[in-house]
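Position in the sequence shown (first residue = 1) + 48 = the working numbering.
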Amino acid sequence: MRILFMGTPDFALFSLRALVQAGEEIVGVVTQPDKPKGRGYELLPPPVKSYALEAGLAVYQPASLRTEEFYELLCSLAPDMIVVAAYGKILPANVLEYPKYGCINVHGSLLPEYRGAAPMQRAIMDGKAQTGITTMWMDTGLDTGDMLLREVVEIDAHDNFETVHDKLGEAGARALLRTVEAARLGTLTRTKQDDSLATYAAKIEKSDCLIDFSLPCEQVHNRIRGLSPIPLAFTYTPDGKMLKVIASTYVDQNTAGAVPGEVLSTSDGVITVACSTGAVQLLTVLPEGKKRMRAADFINGRKIAKGDLLGAGKN
Numbered sequence: 049m050r051i052l053f054m055g056t057p058d059f060a061l062f063s064l065r066a067l068v069q070a071g072e073e074i075v076g077v078v079t080q081p082d083k084p085k086g087r088g089y090e091l092l093p094p095p096v097k098s099y100a101l102e103a104g105l106a107v108y109q110p111a112s113l114r115t116e117e118f119y120e121l122l123c124s125l126a127p128d129m130i131v132v133a134a135y136g137k138i139l140p141a142n143v144l145e146y147p148k149y150g151c152i153n154v155h156g157s158l159l160p161e162y163r164g165a166a167p168m169q170r171a172i173m174d175g176k177a178q179t180g181i182t183t184m185w186m187d188t189g190l191d192t193g194d195m196l197l198r199e200v201v202e203i204d205a206h207d208n209f210e211t212v213h214d215k216l217g218e219a220g221a222r223a224l225l226r227t228v229e230a231a232r233l234g235t236l237t238r239t240k241q242d243d244s245l246a247t248y249a250a251k252i253e254k255s256d257c258l259i260d261f262s263l264p265c266e267q268v269h270n271r272i273r274g275l276s277p278i279p280l281a282f283t284y285t286p287d288g289k290m291l292k293v294i295a296s297t298y299v300d301q302n303t304a305g306a307v308p309g310e311v312l313s314t315s316d317g318v319i320t321v322a323c324s325t326g327a328v329q330l331l332t333v334l335p336e337g338k339k340r341m342r343a344a345d346f347i348n349g350r351k352i353a354k355g356d357l358l359g360a361g362k363n
């Protein structure tokens, strides 16, 4: 089966690598253009491009999939199937309709739950104990196509975005290989999504990252871990400096009389902060203009003390 792969970030690497290692015929890899990063704005290739070139695969980085030029390329490659994993662009109808075995998407949720751009982060932030992978026959809607195969993945109490991302990447690779084999054998079954059960996982915005200590402690902790190690949840210290939080835990202690955001304790090397109910404990932080550090080091630097109010002085 001639497969054209479309993907861009690390999540897509799991699926592309699995296809290559399984000996599938990859006729080309389509990925996003190189983007400037860092202080020097150096153009850096996306992870999928770097791996594809190492594997000797042809790489294409079109600015748009809606041009006649790209459609001519598609016809010249003549894929039987297009596999899409976190590519980052909407596929137009003429691309979706081209391959005999369809455009197959590897999506990081148990559809129809968490359609959209940030299903992994939103599942953790919502305190879900389970998520998963769905391979889907793509249509013109946003993650609305028929479901093919699914694999459930557990979210442990202290998983963060990074660990769930890697679990789902591995599950996605397994599900994709089973989907490709079923398509080859003619045993692939398409199941319509129940739109009444659909939820939407919107792209993470800066406003999502601001910690709201007026929420219960478990919800605050879930937000922190759902955004770690990138882009990171943040608050502000009393002097108006941004303080990003990399790792936390929470305790159901009595915080009666405390204001949400009030530092209750800096003992034992952790920063304990009152929430509407219970308290969240900050374990690892990234102060503005500094490197990541243990909360104990931030405390020892006299940058925070009992009684301080986090969130004050927000820009």
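We put the beta carbon where it would ideally sit given N, CA and C, even for glycine.
| Query | Result |
| --- | --- |
| Classification of residue 207 by the beta-carbon crowding that lies within 10 angstroms, buried from 16 upward | buried |
| Inter-stretch contact (C-beta, 8 Å, three-pair minimum) for the segment 160 to 180 and the segment 189 to 209 | yes |
| Residue 318 and residue 334 closer than 7 Å at C-beta | no |
| Close beta carbons around residue 57, own chain, < 7 Å, minus the five adjacent residues each side | 94, 95, 134 |
| Outcome for residue 87 when other beta-carbon atoms lying within 10 angstroms are tallied against a minimum of 16 | exposed |
| Residue 239 versus residue 159: straight-line alpha-carbon distance, rounded | 11 Å |
| Residue 184 and residue 155 closer than 7 Å at C-beta | yes |
| DSSP bridge partner residues for residue 282 (one or two, in chain order) | 258, 292 |
| Residue 102: first and last residue of the uninterrupted alpha helix (DSSP H) it sits in | 95 to 102 |
| Beta carbon of residue 110 nearer than 7 Å to that of residue 127 | no |
| Extent of the continuous alpha helix (DSSP H) run through residue 167 | 167 to 173 |
| Closest by C-alpha distance to residue 244, when choosing among 83, 357, 161 | 161 |
| Three-state secondary structure assigned by DSSP to residue 343 | helix |
| Segments of 4+ residues assigned as alpha helix (DSSP H) that fall wholly inside the segment 104 to 137 | 116 to 125 |
| Nearest neighbour of residue 108, chosen from 197, 242, 313, 77 [CA to CA] | 77 |
| Extent of the continuous alpha helix (DSSP H) to which residue 226 belongs | 209 to 233 |
| Straight-line gap, residue 83 to residue 345 (C-alpha atoms, nearest Å) | 35 Å |
| Contact between the segment 249 to 268 and the segment 314 to 328 (3+ Cβ pairs under 8 Å) | yes |
| Beta-carbon contacts of residue 153 that lie in its chain and below 6 Å, excluding the five residues immediately before and after | 132, 184, 186 |
| Identified DSSP bridge partners for residue 313 | 320 |
| Heavy atom of the ligand HEM within 6 Å of residue 299 beta-carbon | Among the components modelled here there is no ligand, and therefore nothing to report on the ligand HEM. |
| Residue 181 - DSSP class collapsed to helix/strand/coil | strand |
| Coarse secondary structure for residue 266, derived from DSSP in three states | helix |
| Start-to-end residues for the alpha helix (DSSP H) that takes in residue 142 | 141 to 144 |
| Touch test, the segment 289 to 308 against the segment 225 to 238, Cβ-Cβ under 8 Å, three pairs minimum | no |
| Helix, strand or coil at residue 45 [DSSP, three-state] | There is simply no residue 45 to check, as the chain begins at 49 and stops at 363 in what is shown. |
| Whole-Å CB distance - residue 55 paired with residue 64, under 8 Å assumed | 6 Å |
| Backbone secondary structure at residue 274 - three-state DSSP | helix |
| DSSP three-state assignment for residue 330, whether helix, strand or coil | strand |
| Length of the line joining the Cα atoms of residue 115 and residue 251 | 26 Å |
| Residue 66, DSSP secondary structure in three states | helix |
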